[in-house]
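Report on the structure given below.
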Ligand SMILES: Cc1ncc(COP(=O)(O)O)c(C=O)c1O
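Residue numbers (our numbering): 826 to 1257.
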């Protein structure tokens, strides 16, 4: 059986035991397009976005910017761009992907702690809506490159508010000991704000921070909002900068397993908006939130074909599949814990607890450490739900393995939005 909350909308198990997303039979999609296969559902993406917008609307409207890094596929971005929201991009490549997906440049923010020269120049040339300064090196380059321009570039300053969140250490970004953001507590953030305010080609319009990812508690977001309000007021008083935008980052946890905790969006929206609403000077400021996983995480199912099973009595049973860390590195990188079903045998009772082993030559390549399944047979299709964020986006050609195909379900149709890579694609840029 399946837990509907972590599957795309309209996922059901038929009497024949096949998992379907509305009319689309997952095992049939795997047969038709091959495996590994990622299946994104447009309706689930739109619904997740509506949930965000509605949750905030009850408290105070905000600007929602899709964090493109979660899934930069143009076909997926296109579904989101058509809903008219902004985009948050982490590189020139993501900026161009977002542009191709249909996001207007004026409604993009570019962030990054080490933007190379060509990225800074490219973003300015493209007239990106907001440039997020992350370090004195950004200010120095921007000063040079905007010299003589008539229209100043709108910038945000990324700060490290010094707030701990309870998540995997690799996913923490808002503490002082982080490569991201100027610490507020050391005075560095104010020093950078002063420098931006002194720079002719720049206008400091916003303050930005991101606490980290898979944050399971809404409380730190209240702390973040209070910290940004206080710092924005300090900068306004000190420099006269016209700060009217507060970027609260993304990072709200998405359930990978039904038993996992994730904050209610309503609690998150209240935490983020309340301190701003209460502040006389910043009451009218525009709040930005940048969900990535929150929009695409639940929308995709990853499909793999079972290659074989290895049993080690009294130790573990490994069900080996034809994908793994090359298409989803998250379990190996930071212990993401997924669940799975057999896509054409979901009506059957689980018979044993197994680990799902990937095909890559690493012991750490276990897609799932523990899941209960019917006894899997070679050729079965294994479906992992909630696989839409930071999977394909982080995929690699490790072991010279082509990356998977991606299909989008929209308006009753399934269409390929990324062709399966071939070995020739991998070697295209290599020379003897
Ligand atoms: C600056 C910034 N904003 C937004 C996000 C999106 O986070 P999430 O996908 O967890 O919502 C990230 C991802 O880590 C980020 O680095």
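Every residue, glycine too, gets a C-beta built ideally from N, C-alpha and C.
Just confirm the distance between the C-beta atoms of residue 1160 and residue 1228, as a whole number of angstroms; I'd bet it's less than 8 Å.
-> If you number the chain shown from 1, residue 1160 lands on position 335. If you number the chain shown from 1, residue 1228 lands on position 403. That belief does not hold up - the Cβ atoms of residue 1160 and residue 1228 are roughly 23 Å apart, past 8 Å.
Go ahead and pull the three-state DSSP assignment for residue 1119.
-> Position 294 of the chain shown holds residue 1119. Three-state result, residue 1119: helix.
State yes or no: is the C-beta of residue 1077 nearer than 7 Å to some heavy atom of ligand 1?
-> Sequence index remark: in the chain shown, residue 1077 carries index 252 (1-based). Because some heavy atom of ligand 1 lies under 7 Å away, the Cβ of residue 1077 counts as near it: yes.
Could you name each continuous beta strand (DSSP E) segment of 3 residues or more that falls completely within the segment 911-978, going from the start of the chain to the end?
-> Fully contained in the segment 911-978 are the following beta strand (DSSP E) runs of length 3 or more, in chain order: 911-914, 933-935, 955-958.
What are the boundary residues of the alpha helix (DSSP H) that includes residue 1133?
-> As a first step, residue 1133 is located in the chain shown; it is residue number 308 there, counting from the start. Here residue 1133 belongs to no alpha helix (DSSP H); instead the beta strand (DSSP E) covers 1125-1137.
Could you check where the alpha helix (DSSP H) with residue 1054 kicks off and where it finishes?
-> The residue labelled residue 1054 in the question sits at position 229 within the chain shown. Its alpha helix (DSSP H) spans residues 1044-1064.
Exposure of residue 896, with buried meaning 16 or more beta-carbon neighbours within 10 Å | In the chain shown, residue 896 corresponds to position 71, counting from 1. That one is buried.
Going by C-alpha distance, which of 1187, 1222, 867 is nearest residue 1295?
-> Because residue 1295 is not part of the residues shown, which for the chain are 826 to 1257, the question remains open.
When you compare only the Cα positions, how much space is there between residue 1204 and residue 1131?
-> If you number the chain shown from 1, residue 1204 lands on position 379. If you number the chain shown from 1, residue 1131 lands on position 306. Each residue's Cα considered, the two are about 5 Å apart.
Under 8 Å between the Cβ atoms of residue 870 and residue 831?
-> What you label residue 870 is simply residue 45 of the chain shown in a count that begins at 1. What you label residue 831 is simply residue 6 of the chain shown in a count that begins at 1. The answer is no: Cβ separation not under 8 Å.
Between the CA atoms of residue 968 and residue 1058 - distance to the nearest angstrom = Residue 1058 sits at position 233 when you count from the first residue of the chain shown. Residue 968 sits at position 143 when you count from the first residue of the chain shown. Approximately 24 Å, taken between the alpha carbons.
Taking only beta-carbon positions, decide if residue 890 is within less than 8 Å of chain C.
-> In summary, chain C is missing from the structure at hand, where a single protein chain is found.
Have a look at residue 1008 and residue 988 and give me their C-alpha separation to the nearest angstrom.
-> The residue you call residue 1008 lines up with position 183 of the chain shown. The residue you call residue 988 lines up with position 163 of the chain shown. The alpha-carbon atoms of residue 1008 and residue 988 are separated by roughly 11 Å.
So is the beta-carbon of residue 941 under 7 Å away from any non-hydrogen atom of ligand 1?
-> Translated into the one-based positions of the chain shown, residue 941 becomes position 116. Residue 941: no, Cβ never under 7 Å from ligand 1.
Would the beta-carbon of residue 1184 fall within 8 Å of that of residue 1149?
-> The residue given as residue 1184 occupies position 359 in the chain shown. The residue given as residue 1149 occupies position 324 in the chain shown. Contact flag set, yes.
Pull up the DSSP beta-bridge partners for residue 1009, would you.
-> On the chain shown, residue 1009 is found 184 positions in, with the first residue counted as 1. According to DSSP, residue 1009 bridges with nothing at all.
Where residue 1095 falls, given that 16 or more other Cβ within 10 Å makes a residue buried | Residue numbering aside, residue 1095 sits at position 270 when the chain shown is read from its first letter. Buried, by the Cβ-count rule.
Given a threshold of 16 other Cβ atoms within 10 Å of its Cβ, counted over all protein chains shown, does residue 1243 qualify as buried or as exposed?
-> Residue 1243 sits at position 418 when you count from the first residue of the chain shown. Classification of residue 1243: buried, given that the 10 Å Cβ count is 16 or more.
Of the listed residues 1083, 846, 909, 1230, nearest to residue 1236 (C-alpha basis) = To locate residue 1236, count along the chain shown from 1; it is residue 411. With distances taken between Cα atoms, residue 1236 lies closest to 846.
Beta strand (DSSP E) segment containing residue 874, residue limits = As a position in the chain shown, residue 874 is number 49, starting the count at 1. Premise fails: residue 874 lies in the alpha helix (DSSP H), 867-882, not in any beta strand (DSSP E).
Any chance the CB of residue 1004 is under 7 Å from a heavy atom of ligand 1?
-> Counting from 1 along the chain shown, the entry for residue 1004 is found at position 179. Checking every heavy atom of ligand 1 against the Cβ of residue 1004, none is found closer than 7 Å.
Go through its chain and collect everything with a Cβ distance to residue 1033's Cβ below 6 Å, but skip five positions before and after it.
-> Taking the chain shown and counting its residues from 1, one reaches residue 1033 at position 208. Cβ within range, chain order: 957, 981, 983, 1072.
Grab the span of the alpha helix (DSSP H) containing residue 852 for me, first residue to last.
-> Along the chain shown, one-based indexing puts residue 852 at 27. Unbroken alpha helix (DSSP H) run through residue 852: 851-858.
Does ligand 1 have even one heavy atom less than 7 Å from the beta-carbon of residue 1116?
-> Mapped onto the chain shown, residue 1116 falls at position 291. Answer for residue 1116: yes, Cβ within range of ligand 1.
By Cβ distance, which residues of its chain are closer than 7 Å to residue 1147, with the 5 residues on each side in sequence left out?
-> As a first step, residue 1147 is located in the chain shown; it is residue number 322 there, counting from the start. Contacts found: 860, 861, 1129, 1130, 1132, 1184.
Residue 838 versus residue 850: straight-line alpha-carbon distance, rounded | The sequence position of residue 838 within the chain shown is 13, counting from 1. The sequence position of residue 850 within the chain shown is 25, counting from 1. Each residue's Cα considered, the two are about 9 Å apart.
Residue 923: CB within 7 Å of a non-hydrogen atom of ligand 3 = The model on display carries ligand 1 but not ligand 3.
Would you give the residue range spanned by the alpha helix (DSSP H) that residue 1093 belongs to?
-> Along the chain shown, read from residue 1 onward, the residue named residue 1093 stands at position 268. Element bounds for residue 1093: 1090-1103.
Is residue 894 near ligand 1, going by C-beta to nearest heavy atom under 7 Å?
-> As a first step, residue 894 is located in the chain shown; it is residue number 69 there, counting from the start. Residue 894 Cβ: within cutoff of ligand 1.
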